[in-house]
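Just below is one structure, and these are the notes that go with it.
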Amino acid sequence: MPDLAPEAARPRLRAPRYALALPAGVWLVAFFVVPIGTIVWFSFGYKPGLFGTHANDVLSLDRYRETFSSTFFATFQNTLWVGVAGTLLCLLVGMPAAYWMAVKAPPNRRGLLVALVMVPYWTNFLVRTIGWQVILAPQGWLSSLLQTLHLTGEPLDILYTRTAVLIGVVYNYLPLMILPLFVAFDRVGEPLREASKDLGANRWRTFTRVTLPLARPGIIAGTVLVFIPLMGDYVTATVLGGARGNMVGQLVASQFQTAQNWALGSAMAVVLILVIAATVAVIAGLYWLASRPLQARHRLVLEDAP
Amino acid sequence: MSAGSDLGAAGQAAPAGDPAGAGPPPRNRPPRSWADRLLTLGGLAVLVFLFAPIVVVIVYSFNEGRLLIAWDHFGFGSFRALTERPAIRSAVLVSVQVAVLSSLLATFLGTMAGVALARRPGRWTYWFIGLLLLVSVTPEIVDAVSLLPWLVYLGSDAGLSVFNGGIVRLVVGHSLFSTAVVSYIVRARLVGLDESLEEASGDLYAPPVRTFRRITVPLAMPAVLAGYLLSFTLSLDNTIVSAFVQVSGTTPWPVYVLSALRSGLRPEIAAVSTVMLVLTLLALGLVALVLRRSGDSATDIARTMGGG
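Protein chains in written order, with the numbering used here: chain A, 1 to 306; chain B, 307 to 614.
Shown next as structure tokens:
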């Protein structure tokens with residue numbers, strides 16, 4: 001709080017410290033916080049007849065009950081499955097790739113590699129997904145290639161299934177996993193790994209006991225960065241999923257666009273946010289529980305505890 | 307795995323015949339083990355995986371067939387169709403217009419917020435960063451469905467007819483996430499810079515406004531520019547929010563593509579995607595150039611472009 005002399009010496013009305021952030025704050029409140037609040041409010045209402053979209057004169061939790069009815073609940077389950085499996089696959093694919101980029105690739109090539117990962121990430125999401133539609137189509141080139149090589153007898157039957165959605169989401173969110181992991185592995189640095197090697201650890205031990213623990217913030221960041229948007233995905237499931245690979249994002253969208261039932265759509269959106277928050281919390285809790293015994297085993301106490 | 311490391315160790319014992327040892331670092335590098343080779347192979351495979359659909363779209367934009375998916379023969383027909391179809395042309399025009407406006411708005415708001423976050427921290431920062439985090443982690447679909455009723459309400463019930471305009475709606479929708487991105491980038495840059503120049507300016511009796519304009523803004527400029535270009539590409543590619551808030555007549559190109567998805571994809575869709583891809587790549591190249599010029603390493607650029 002104590003400010004520097006020249007400013008303090010001048011007795012004048014001083015703007016509050018947040019003054020410069022105020023416009024952005026007001027803008028985000030007006031077009032982000034308030035709309036989300038409206039959605040929460042709508043979710044307690046109902047759809048009044050054929051042409052209305054929402055009404056709030058009678059408040060109830062009925063829309064939430066409707067959201068958990070069997071038809072919609074199956075979609076929620078499906079979304080959670082795709083979300084968890086997709087995030088794990090991203091981690092499985094992204095970890096070696098990021099490790100290679102940050103540690104094994106020649107240092108003067110690393111900038112280029114980062115750029116190469118970033119180009120797909122900044123390419124239009126929809127276009128990338130349409131690319132997969134072209135690849136996976138039963139009459140597409142991959143299908144005919146596999147058939148000429150006699151790897152499969154019949155045309156490829158992946159498009160419009162949950163597998164296609166899984167491929168699509170792993171593809172679409174992989175850069176979001178690789179980039180934070182790359183930063184984390186890069187931070188660990190050569191000297192620490194060398195020291196570990198000098199102290200007699202082999203490469204696997206160095207990786208699991210030095211590199212991996214130090215890269216933990218990156219792993220957590222990548223997992224969260226992938227999981228959250230993946231759960232709310234709308235485009236991938238629309239392009240590759242069809243009727244068999246439905247996700248909650250489509251469900252919410254259809255309530256607003258075709259069914260014109262804003263109350264139910266709002267309840268679904270709120271449930272989606274809650275499911276995401278709950279899953280992140282559960283995973284964080286599990287992770288914490290799992291890491292405690294490990295930490296206790298590997299702790300090195302330099303001084304006597306008081 | 308253990309066999310691989312054994313092999314590596316065995317090779318290390320006799321490095322004399324290894325030409326790779328003559329690489330940039332002066333000391334002898336151990337020859338590559340099987341684990342390393344596998345890792346390299348995996349890394350390259352991931353890169354191929356990342357580029358496969360993009361290459362496919364670019365190649366298929368030269369498809370002369372009637373349908374995008376079925377390859378017929380090579381030709382430039384789809385690009386010619388692009389210039390002839392008014393719907394596609396106007397969609398691209400709307401996108402560019404909205405991208406310029408919304409990124410200007412986001413840069414203006416985000417730069418000021420970033421400066422405040424870096425130079426005037428206090429108890430308010432927790433609230434504000436919390437808000438920015440919320441904006442950036444909320445699934446876009448939730449953002450989209452909540453913005454639609456609100457804009458409809460503002461436009462009709464509240465009598466603010468500006469919000470009935472297609473461009474205004476898109477600009478508002480695209481500015482939200484971008485504002486958060488610009489704030490992060492500008493804050494990150496200024497936090498890394500010492501405040502002494504601004505203090506010196508104050509000591510030399512420059513009023514705060516002039517210090518801001520003459521010292522702080524130039525210092526933050528690379529981040530501001532990078533933020534602007536990132537916002538520009540984000541807006542250019544925004545699909546979900548656009549699909550909900552758009553008014554018919556001002557359809558941005560991703561929404562046009564999305565609607566074409568339902569009526570059958572034609573090669574023109576790939577052609578317009580290719581054109582927009584080139585535009586995005588140009589913007590990204592500029593970002594990298596700006597950041598590189600201001601002395602960022604590959605890691606810093608990755609952090610910036612990865613969204614903080």
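The C-beta atom is built at its ideal place from N, Cα and C for all residues, glycine as well.
The shortest CA-to-CA distance from Gly591(B) to any of Ala566(B), Leu571(B) and Leu535(B) is the one to Leu535(B).
The beta carbons of Thr236(A) and Val134(A) sit no closer together than 8 Å. Taking the C-beta atoms as reference points, Lys104(A) is found no nearer than 8 Å to Asn261(A). A distance below 8 Å between beta-carbons, with the five flanking residues on each side excluded, links Ala215(A) to the following residues of its chain, in chain order: Leu181, Ala184, Phe185, Arg187 and Val188. Contact between the region 506-519 of chain B and the region 400-414 of chain B is absent: fewer than 3 CB-CB pairs across the two stretches fall below 8 Å.
Ranked by Cα distance from Ile276(A), the first of Ala296(A), Met231(A) and Arg299(A) is Met231(A). In the DSSP assignment, the residues bridged to Ala55(A) are Tyr46(A). When DSSP assignments are scanned along the region 102-156 of chain A, the uninterrupted stretches of alpha helix (DSSP H) that are 4 or more residues long and fall wholly within it turn out to be 110-122, 125-136 and 141-148. Neighbours of Ile135(A) across chain B, judged by C-beta separation under 8 Å: Ala358, Pro359 and Val362.
With a threshold of 16 other beta carbon atoms within 10 Å, Arg475(B) meets it and is buried. Around the beta carbon of Arg203(A), a 10 Å sphere encloses 16 or more other beta carbons of the protein chains shown; the residue is thus reported as buried.
Contact of Tyr366(B) with chain A by beta-carbon distance below 7 Å involves Val134. Where Asp186(A) is concerned, the enclosing alpha helix (DSSP H) starts and stops at Arg162 to Val188. Secondary structure note for Thr71(A): its alpha helix (DSSP H) is the uninterrupted segment Ser70 to Tyr99. Beta-bridge partners assigned by DSSP to Asn369(B): Phe380(B). Under the DSSP assignment, Val441(B) falls in the alpha helix (DSSP H) whose first and last residues are Trp430 to Val443. Contact annotation, Ala450(B) with Val547(B): C-beta distance approximately 5 Å; criterion of less than 8 Å satisfied.
One Cα belongs to Thr557(B), the other to Asn544(B), and the distance between them is close to 12 Å.
Among the residues facing chain B, Thr71(A) is not included, as its CB has no counterpart in that chain under 8 Å away. Linking Val280(A) to Ala24(A) through their CA atoms gives a straight-line distance of about 28 Å.
The beta carbons of Phe42(A) and Leu482(B) sit no closer together than 8 Å. Ranked by Cα distance from Pro229(A), the options Met177(A), Val239(A), Ser254(A) and Leu264(A) are led by Met177(A). Sequence-distant Cβ neighbours of Phe550(B) in its own chain, meaning closer than 6 Å and more than five residues away, are Ala450 and Leu454. Judged by beta-carbon spacing, Leu156(A) lies within the 8 Å limit of Pro138(A), meaning their Cβ atoms are closer than that value. Residue environment for Thr586(B): buried (at least 16 other C-beta atoms within 10 angstroms of its C-beta). Closest by C-alpha distance to Val29(A), out of Pro359(B), Thr580(B), Gly461(B) and Thr485(B), is Thr485(B).
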